[in-house]
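What follows is a set of notes on a single structure, which appears directly below.
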Amino acid sequence: MSNSATAARRSAIYLLDQVLGEGRLLAECLAAGAVDRLEPEDRARAQRLALETLRGLERADRLLANHLNRTPALTVHNALRLGAVELCNGEAAHGVVNSMVEIVSRSRKHGRLKGLVNAVLRKVAAEGPEAWPKMRVPRLPDWLREPLIAAWGTDAVTGIEQAHFAGAPLDLNLKPGAEGPSGEILPTGSVRLHNAGQVSTLPGYKAGDWWVQDAAAALPVRLLAPKAGQKVLDLCAAPGGKTMQLAAAGADVTALDVSDSRMERVRENLARTGLRAKVIVGDALEHEDRYDAILLDAPCSATGTIRRHPDLPFAKDGSEFGGLIELQSRMLAHAWGLLKPGGRLVYCTCSLLPDEGEVQVEEALDMYSDMSVDRDALNLPGVETDWITEEGGLRLRPDYWPDRGGMDGFYIACLTKTV
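Mapping to the numbering used here: the sequence shown position 25 is 111, numbers consecutive.
Below, the structure is given as structure tokens:
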């Protein structure tokens, strides 16, 4: 049994404890150094195991419930869940069971339960791999599933859940004229890799020829269509994919975000790609200047990104939605005041909730007499007419492109200011 494999599993269990017990997002845990002591390969494995377990949690719990008289302490339960997911996805039973027994046996608090872990996982190893594919696709929690069904219908939400369970391939956005790794060219122009491996070892990474960006997330800048020399503001810019798109178009870019640590990633990516932007750490609502074009990727529920962030439905409960919706409205109002007459503003959110997308734009159009929707901006390669909403925005969902691996959920609208 590999010590490094056990270390990766132990760290994955810790991550699960944080998400399911403390309501923390994986990104927060990783930023705080939760797996930094591991070797890079084990670090990646720990993250992958945590993500796979969260995606398959409902199935794992159903299998385990057959062999548990009562729910054990969270850490033990998470060890069982992780073990069940690995076993049902073809991992060798000997290594998984022994590893989980060792991890639990070393716990001063729960070591006495090592026999339970051994017995339960051996039963799962015997019956789980056959039962797993026959079980239903894991569902979203009711606090999110119900409003999504109200918005898009049961069939659409079932498709969204299938996309979440499948996870997300890796999408790349290439600098103009650059060549990236060999992959599928998507209708909207992004390059998709289905088995990418370690990003930093891919061809063209060190040369800065491309950056990682979901195909849906690449569309807001394509709608904005910045021109060389235009003064453009990227509000809420981190982690920087859209900033690099704007800079690659030759725009005079100002990238602003409130988080210095997240903006450090923007600086690193700009340096790697050789692209230039003015980077400012600050409050978007306090920023003052005038711009030819503005991209507002507003803070939101991030419910459109669950296929790559399966921790979100477990770490959140929807209680923050009201505050986010109010903040989006305030940010859109402030951004509109920074836009020059004749300018264009793209408002977008990586949310599946209409209150954070369609409704925001409908209300803004009623509020500002100098605002109109530029429907012509939607005439882009790969944009399907079914994605266009009544008020003239784009609604993207994870269940779109099911044969290609889906896309993040997004809402995007291009707004123009009367001269």
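A virtual CB, placed ideally from N, CA and C, is assigned to each residue, including glycine.
Quick one: what's got a C-beta closer than 6 Å to residue i's C-beta in the same chain, skipping five residues either side?
| i | result |
| --- | --- |
| ALA463 | LEU309, CYS500 |
| ALA213 | Sequence inspection shows Glu at residue 213; the Ala mentioned does not correspond to that position. Excluding residues within five positions, none has a Cβ falling inside 6 Å. |
| GLY197 | SER191 |
| PRO215 | CYS174 |
| THR435 | ALA384, CYS386, GLU442, GLY443, TYR497 |
| THR340 | LEU319, LYS364 |
| VAL121 | SER97, ARG129, ALA132 |
| TRP487 | MET493 |
| HIS153 | VAL206, LYS209 |
Indicate the three-state DSSP secondary structure (helix, strand or coil) for residue i in the structure shown.
| i | result |
| --- | --- |
| MET221 | coil |
| GLU487 | Residue 487 is actually Trp in this sequence, not Glu. TRP487: coil per DSSP, three-state reduction. |
| TYR377 | strand |
| MET493 | coil |
| ASN164 | helix |
| ALA94 | helix |
| LEU101 | helix |
| ASP343 | strand |
| VAL367 | strand |
| THR240 | helix |
| LEU249 | Per the sequence shown, residue 249 should be read as Ala rather than Leu. ALA249: helix per DSSP, three-state reduction. |
| CYS174 | helix |
| CYS386 | coil |
| ILE189 | helix |
| LYS200 | helix |
| MET87 | Caution applies to MET87, whose pLDDT of 44 falls short of 50 and renders its modelled position unreliable; the value that the coordinates give is listed next. Coil. |
| GLN331 | helix |
| ASP338 | strand |
| LYS261 | coil |
| ILE392 | coil |
| LYS209 | helix |
| THR502 | strand |
| LEU256 | strand |
| PRO158 | coil |
| GLU406 | coil |
Alpha carbons only, please: which of the options is nearest the one belonging to residue i?
| i | options | result |
| --- | --- | --- |
| SER345 | ARG110, GLN104, GLU114, ASN89 | GLU114 |
| PRO262 | THR359, ARG394, GLY404 | THR359 |
| LYS426 | ASP456, SER437, GLU412 | ASP456 |
| GLY409 | PHE400, GLY478, GLU442, TRP229 | GLU442 |
| HIS280 | ASP257, GLY336, ALA301 | ASP257 |
| GLY485 | GLU477, GLU247, SER286 | With the sequence shown as reference, residue 485 is identified as Asp, and Gly is not the correct amino acid for it. Ranking the options by Cα distance to ASP485, first place goes to GLU247. |
| ARG208 | LYS195, LEU149, GLY239 | LEU149 |
| ALA249 | TYR291, GLU270, THR391, VAL469 | THR391 |
| GLY142 | LEU166, ARG123, ARG129, ALA120 | LEU166 |
| LEU230 | PRO440, ASP489, PRO488, GLU127 | PRO440 |
| GLY57 | ALA252, ARG222, SER286 | There is no way to answer for residue 57, as the model of the chain reaches only from 87 to 505. |
| THR502 | ASP472, ARG461, ILE271, TRP473 | ARG461 |
| ASN476 | VAL459, ASN465, VAL469, ASP489 | Per the sequence shown, residue 476 should be read as Glu rather than Asn. Minimum Cα distance to GLU476 is reached at VAL459. |
| PRO289 | ALA302, VAL277, SER268, VAL187 | SER268 |
| THR92 | GLY119, ALA217, LEU168 | LEU168 |
| ALA94 | ALA170, GLY119, GLU127 | GLU127 |
| GLU108 | ASN89, THR240, LEU160 | LEU160 |
| ASN155 | GLY176, ALA205, LEU124 | ALA205 |
| ASN164 | ALA264, ALA146, LEU116 | ALA146 |
| GLY201 | ARG194, SER193, VAL187 | VAL187 |
Spatial neighbours of residue i within its chain, please: C-beta separation below 7 Å, excluding the five flanking residues on both sides.
| i | result |
| --- | --- |
| ALA324 | ASP343, SER345, ARG348, MET349, ARG351, VAL352 |
| ASN355 | TRP297, GLY326, MET330 |
| LEU199 | PRO158, VAL162, VAL190 |
| MET87 | The predicted model places MET87 with a pLDDT of 44, which falls under 50 and marks its position as unreliable; any figure quoted below should be read in that light. Only GLY181, ASN184, SER185 meet the Cβ criterion. |
| VAL505 | PRO427, GLY428 |
| ALA211 | LEU173, ALA179, VAL183 |
| LEU371 | ARG416, MET417, HIS420 |
| LEU260 | GLY266, VAL277, ASP295, TRP296 |
| ASP397 | VAL105, LEU111, LEU112, LEU140 |
| PRO399 | LEU226, PRO227, LEU230, ILE392 |
| ALA31 | Residue 31 lies beyond the range of the chain shown here (87 to 505); nothing can be said about it. |
| ALA328 | A small fix is needed here, since residue 328 is Lys in this sequence, not Ala. Same-chain partners within the cutoff: PRO306, VAL307, ASP320, LEU381, ASP383. |
Can you name, in chain order, every residue of its own chain whose Cβ lies under 8 Å from the Cβ of residue i, other than the five neighbours on each side?
| i | result |
| --- | --- |
| PRO467 | PRO273, THR274, GLY275 |
| HIS395 | LEU111, LEU112, ALA113, ALA388 |
| ALA254 | ASP300, ARG393, ARG394, GLY491, GLY492, ASP494 |
| LEU413 | ALA384, PRO385 |
Quiz item: Do the stretch 130-140 and the stretch 364-379 make contact, defined as three or more Cβ pairs closer than 8 Å?
Solution: The stretch 130-140 is not in contact with the stretch 364-379.
Quiz item: When the Cβ atoms of the stretch 315-334 are set against those of the stretch 378-398, are three or more pairs found closer than 8 Å?
Solution: yes
Quiz item: Do the stretch 444-462 and the stretch 397-405 make contact, defined as three or more Cβ pairs closer than 8 Å?
Solution: no
Quiz item: In the stretch 419-489, which residue ranges form an unbroken alpha helix (DSSP H) of at least 4 residues, counting only runs that do not cross its ends?
Solution: 444-453
Practice problem: Could you tell me whether the stretch 413-425 touches the stretch 468-486, using the rule of 3 or more Cβ pairs below 8 Å? | Solution: Contact between the stretch 413-425 and the stretch 468-486 is absent: fewer than three C-beta pairs spanning the two stretches fall below 8 Å.
Quiz item: Can you list, in chain order, the stretches of the alpha helix (DSSP H) that have 4 or more residues and sit fully within the stretch 263-323?
Solution: 305-310
Self-check item: the stretch 120-135 in contact with the stretch 100-110 per 3-pair CB rule at 8 Å
Solution: yes
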